[in-house]
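Using this note's numbering, the letters of the sequence shown map in sequence onto residues 0 to 262. Ideal Cβ placement from N, Cα and C applies to all residues, glycine included. Working notes, beginning with the structure itself.
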Amino acid sequence: MLKALEMRKVSVVKDGRRILDSIDLDVDADENVAIIGPNGSGKTTLIKLIRGEVLPYYDEDSPASIRIFGMGNWNLEELRKSMGIVSMDLQSRFPPDTPLYEVMLSGYFGSMGIFRNHKVTESMASGVLDAARTMGLENMLEASVGVVSLGEMRRALIARALAPKPRMLVLDEPMTGLDVVMRDRFRRMFDIMIPSGISVMMITHELEDIPLGVRRVIMLKEGRKMADGPKEKVLTSGNLSRLFDEDIEVSESGGVYRMRLKE
């Protein structure tokens, strides 16, 4: 089976510190994965590495390798089209007067808006309309970033990622800042999207954000893989306590997991 991601002995070093430390990771093309860990565990660095925004540390004695969809060498523009990303970082980079239509369209170019050098095709415009309908934003295409709600902007970013029809959707803390009602709606929305054939990789530190359709969970701690396996075996009170260095109790109801500090 084709692998969406194959990593061997991959490290990322910054200011003399290993942000990621000799990571081995395989993700199948039809697999949906959640990666959890505390702040500073290397979650976001892993996403930047996959997206080609940072480079792995070169060690001639233990060379690293990364293959994405079976390829070791990628044109970055093509890679980023194949891998749609949603993150808080993107949300803050769009000027407030940018229409949501341009936010979504920019997913084809990996830009923070549409510029004169961008050639917009009918196929692109059609892809944006399809993605907007999927996200329930077809009547808000002219609304600007500065006036829409947080939930609407997050949906626009998901539409931006979906429009080019990526092979993988990468969600970097996609529910940060949303209230409990919106978090539940987004989780249900992702569960509707997962059977469509797009592989989903979600980065989070909140168990209840993990969609029901995500069956595999990877724990990162201090740049290393601490646990990796089926959700029900990884998301235990013991594992979460070790992950966060706190006494944590995990509960599950209807396939949704939650954690709290023990009193």
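Original post:
Below 8 Å between beta carbons: does that hold for K8 and A63?
Top reply: Between K8 and A63, the CB-CB gap stays under 8 Å.
Subject >> Contained alpha helix (DSSP H) runs [length at least 4] in the stretch 74–128, N- to C-terminal order >> reply: DSSP runs (the alpha helix (DSSP H)) wholly in the stretch 74–128: 75–81, 87–90 and 99–104.
Subject >> Bounding residues of the beta strand (DSSP E) (the contiguous stretch that carries K13) >> reply: It spans K2 to K13 - the beta strand (DSSP E) in which K13 sits, taken as one unbroken run.
Original post:
The alpha helix (DSSP H) with V216 in it runs from where to where?
Top reply: Note, V216: premise wrong, no alpha helix (DSSP H); beta strand (DSSP E) at R215 to K220.
Original post:
Thinking C-alpha only, which one of D60, A28, D27 and I84 is nearest L48?
Top reply: Nearest of D60, A28, D27 and I84 to L48, Cα basis: I84.
Original post:
Are the beta-carbon atoms belonging to M259 and E245 less than 8 Å from one another?
Top reply: Residue identity differs from the one stated: residue 259 is Arg in this sequence, not Met. Their beta carbons are not under 8 Å apart, which means R259 does not touch E245 by this criterion.
**OP:** Starting from M134, trace the alpha helix (DSSP H) both ways and give me its first and last residue.
**Re:** For M134, there is no enclosing alpha helix (DSSP H), as DSSP marks it with neither H nor E.
Subject >> Sheet register partners of K224 (DSSP bridge) >> reply: K224 is bridged by DSSP to L219.
**OP:** Let me know if G6 comes out buried or exposed under the rule of 16 or more other beta-carbons within 10 Å of its beta-carbon.
**Re:** Correcting the residue identity first, residue 6 is Met in this sequence and not Gly. Taking every protein chain shown into account, the CB of M6 has 16 or more other CB atoms within 10 angstroms, so this residue is buried.
Subject >> Span separating the alpha-carbon of R186 from that of I157 >> reply: For R186 and I157, the distance between alpha carbons rounds to 13 Å.
Original post:
Could you give the distance in angstroms between the alpha-carbon of P37 and the alpha-carbon of K220?
Top reply: If you take the alpha carbons of P37 and K220, they lie about 7 Å apart.
Original post:
Under 8 Å, do K224 and I22 count as touching if we go by C-beta distance?
Top reply: Contact: yes.
Subject >> Nearest neighbour of E141, chosen from D96, E207 and F108 [CA to CA] >> reply: Comparing C-alpha distances from E141 to each of D96, E207 and F108 shows the shortest one belongs to D96.
Original post:
R184 lies in the alpha helix (DSSP H); which residues open and close that run?
Top reply: Counting along the chain, the alpha helix (DSSP H) containing R184 begins and ends at V179 to M192.
Original post:
So does the stretch 110–118 actually touch the stretch 162–171, counting three or more Cβ pairs closer than 8 Å?
Top reply: Between the stretch 110–118 and the stretch 162–171, the count of C-beta pairs closer than 8 Å stays below three; the two stretches do not touch.
**OP:** For F189, count neighbouring C-beta atoms within 10 Å of its own C-beta (all shown protein chains included) and say buried if the count is 16 or more, exposed if not.
**Re:** F189 comes out buried.
Original post:
Would P98 pass as a contact of S148 if the rule is Cβ separation under 8 Å?
Top reply: The answer is no: Cβ separation not under 8 Å.
Original post:
Going along the chain, which residues of its own chain have a beta-carbon closer than 8 Å to the beta-carbon of D88, five neighbours each way excluded?
Top reply: In the same chain as D88, and ignoring 5 residues on each side of it, the C-beta atoms closer than 8 Å to its own belong to D171, in chain order.
Subject >> I49 - DSSP class collapsed to helix/strand/coil >> reply: The three-state secondary structure of I49, taken from DSSP, is helix.
**OP:** Using 10 angstroms around the beta-carbon of F108, count the other beta-carbons present and answer buried if the total reaches 16, otherwise exposed.
**Re:** F108 is buried by the Cβ-count criterion.
Subject >> Alpha carbon of M218 to alpha carbon of R92, nearest angstrom >> reply: In a straight line, the C-alpha of M218 is about 29 Å away from that of R92.
Original post:
With distances taken between CB atoms, is the gap from S236 to A3 smaller than 8 Å?
Top reply: By the CB criterion at 8 Å, S236 and A3 fall outside the cutoff.
Original post:
Excluding five sequence neighbours on each side, which residues of the same chain lie with their C-beta closer than 6 Å to the C-beta of V268?
Top reply: Nothing can be reported for residue 268: it is not among the residues displayed for the chain, which extend from 0 to 262.
Subject >> CB of L45 within 8 Å of CB of A28, strictly >> reply: Cβ atoms of L45 and A28: not closer than 8 Å.
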